Amino acid sequence: MGTELTNPLSAERLLFALPPIFSAFCRFSRQVSASSVDSRPIAANDANVLYPAQLRDLLMRLAVGGLVRAHWSNQIHEEWMLNVVGNYSDISREDVEYTRSQMDRALPDAQVTGHKHLIEDLSLPDPDDNHVLAAAIHTETDYIITFNLEDFPDAKLRTHGVKAIHPDTLMSMLMSSSKEKLLKVVKRHRTSLRKPPLDREEYLEVLKATGLEKTVERLETHRDRL
5 MGTELTNPLS
15 AERLLFALPP
25 IFSAFCRFSR
35 QVSASSVDSR
45 PIAANDANVL
55 YPAQLRDLLM
65 RLAVGGLVRA
75 HWSNQIHEEW
85 MLNVVGNYSD
95 ISREDVEYTR
105 SQMDRALPDA
115 QVTGHKHLIE
125 DLSLPDPDDN
135 HVLAAAIHTE
145 TDYIITFNLE
155 DFPDAKLRTH
165 GVKAIHPDTL
175 MSMLMSSSKE
185 KLLKVVKRHR
195 TSLRKPPLDR
205 EEYLEVLKAT
215 GLEKTVERLE
225 THRDRL
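The working numbering numbers the first residue of the sequence shown as 5 and each following residue consecutively.
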């Protein structure tokens, strides 16, 4: 990541609505079939896509729903957590630690360890991002999900079999490969929101503000199923 996270979306205010959702994640994650696990694309989440609460929640649901195999490391966690606490005076370290613990509990296989020895041999434009690529390499990740594509150039990632993609691209891929499952996940996400509840139009506006513009265009044609 390498820079301070300042995503303008104010959905981080919904942080406190997330813990009950993660409890449901923990129950549902045990129901994902082995065949779903085997067919999932593997995605390492950069800190900047875990920073906005709504997007973090949606990415979690994609993973628990069997659409993506998600990964992150302690350092990735630390980056988004520090920025949330630094940018929101009403959110404490204890709050984000709890959210983190629920994420790790819901997806116990997401945590990456044993990759630090790879960092020193990597040379991304921003050295502070090398740990993300190292985690991706160690887990044989297909994609790094990030808003900062320029920080993960193809020339540096290609030899490791990794590609950096925008979260909007990930969602578009899943719309093409697993539309029915994705629509169910998106509906569960929208209807779970309580602080505040969002109707379909408001929900799509939130996704658009998060950077999922192409995704919103495609979801518009399935508005009645959201």
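We put the beta carbon where it would ideally sit given N, CA and C, even for glycine. Here the structure is a predicted model, which means the values were calculated and not measured.
With distance defined between alpha-carbon atoms, name the residue in the options nearest to residue i.
i: L59; options: R229, P201, V190, Y102; result: V190
i: S196; options: V88, P56, L62; result: L62
i: K160; options: W84, N152, L128, V136; result: L128
i: L223; options: L186, R192, T214; result: L186
i: V68; options: Y92, R109, N152, K120; result: R109
i: Q79; options: T117, D113, E98, Y102; result: T117
With 16 other CB atoms within 10 Å as the buried threshold, where does residue i fall?
i: D133; result: buried
i: T163; result: exposed
i: K183; result: exposed
i: R198; result: exposed
i: T225; result: exposed
Given a cut-off of 8 Å, decide if residue j and residue i are closer than it, judged by their beta-carbon atoms.
i: A51; j: H75; result: no
i: L71; j: L211; result: no
i: I141; j: V100; result: no
i: I149; j: F156; result: no
i: K218; j: D146; result: no
i: R104; j: R73; result: no
i: L216; j: M175; result: yes
i: H119; j: S180; result: no
i: L153; j: H135; result: no
What are the partner residues of residue i, as DSSP defines its beta bridges?
i: I148; result: A48, A168
i: R162; result: Partner(s): none; R162 has no beta bridge.
i: W84; result: Answer is none; W84 lacks a bridge partner.
i: S77; result: V116
Skipping 5 residues on each side, what residues in its chain have a beta carbon closer than 8 Å to that of residue i?
i: R231; result: One cannot answer for residue 231 here, as it falls past the ends of the chain, which runs 5 to 230.
Who are the near neighbours of residue i in its chain, counting only those whose CB is closer than 7 Å to its CB and skipping five residues on each side?
i: L122; result: A138, I141, H142
i: R227; result: R204
For residue i, which residues from the same chain have a beta carbon less than 6 Å from its beta carbon, with the 5 sequence-adjacent residues on both sides left out?
i: V220; result: L208, L211, K212
i: R65; result: V189, H193
i: F151; result: N52
i: H81; result: R104
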